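The next block holds one structure in the form of structure tokens; read it before the comments.
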Amino acid sequence: MSEPQGKLYESIEGPGGVRVDVYDESMPYAYSNIFWVKLRLVGCFPGSSEPFERRLEKMGVFAEDLEATKKTLVDSFKNSALPYLSKAGFGEKMKAMRDKKESPKPKGVGGYRCS
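If you're matching positions, the sequence shown starts at 1 in the numbering used here and goes up one per residue.
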């Protein structure tokens with residue numbers, strides 16, 4: 001996980017001690033009034049050292065709609081993903097899934113996999 005480059009936009013305290021920091025890494029990409037909205041969410045779970053990271057992005061946002069777009073993206077995260085992050089044991093389950101994905105698969109002989 002890389003360090004967030006933007007400034008802290010919002011800090012969300014979820015149920016069960018879940019904390020998610022939202023960093024604003026938005027930048028102009030066409031002229032000076034059209035933006036690429038990039039929000040990086042970095043969370044931690046109580047009792048777990050496994051961090052959670054997610055990006056929320058939207059391109060082609062005019063300067064006058066910038067804050068409303070950021071708020072909409074964060075509110076959508078709060079309504080959809082935050083309840084899952086707040087469930088008991090989510091941090092441990094996420095770590096177990098990452099460990100499973102990163103563990104090497106056994107090599108087979110002659111094209112056949114060993115179980």
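Idealized CB from N, CA, C, for every residue including glycine.
Computed from a predicted model, the values in this text were never measured in an experiment.
Contact set for residue i: own chain, Cβ-Cβ below 6 Å, skip 5 residues either direction
| i | result |
| --- | --- |
| Trp-36 | Met-27, Tyr-29 and Met-59 |
| Val-61 | Phe-35, Val-37 and Thr-69 |
Range covered by the alpha helix (DSSP H) that runs through residue i
| i | result |
| --- | --- |
| Ala-75 | Note on identity: in this sequence residue 75 is Asp, with Ala being the wrong assignment. Note, Asp-75: alpha helix (DSSP H), 66-80. |
Cβ shell of residue i (< 8 Å), same chain only, five flanking positions each side left out
| i | result |
| --- | --- |
| Lys-70 | Tyr-9, Asp-24, Ser-26, Val-37 and Leu-39 |
| Arg-98 | Glu-50 |
Element boundaries [beta strand (DSSP E), containing residue i]
| i | result |
| --- | --- |
| Glu-57 | 52-62 |
| Gly-43 | 34-44 |
| Ser-11 | 7-13 |
| Tyr-31 | Neither: Tyr-31 is in no beta strand (DSSP E) and is coded neither H nor E. |
| Val-20 | 19-24 |
Residues of its chain near residue i, where Cβ-Cβ distance is below 7 Å and the 5 sequence neighbours each way are ignored
| i | result |
| --- | --- |
| Phe-77 | Leu-41 and Leu-56 |
| Ala-88 | Gly-16 |
| Ala-63 | Asn-33 and Phe-35 |
| Glu-116 | The structure shown does not extend to residue 116, since the chain is modelled only from 1 through 115, so no value can be given for it. |
Nearest-angstrom Cβ-Cβ length linking residue i and residue j, presumed shorter than 8 Å
| i | j | result |
| --- | --- | --- |
| Phe-52 | Leu-85 | 7 Å |
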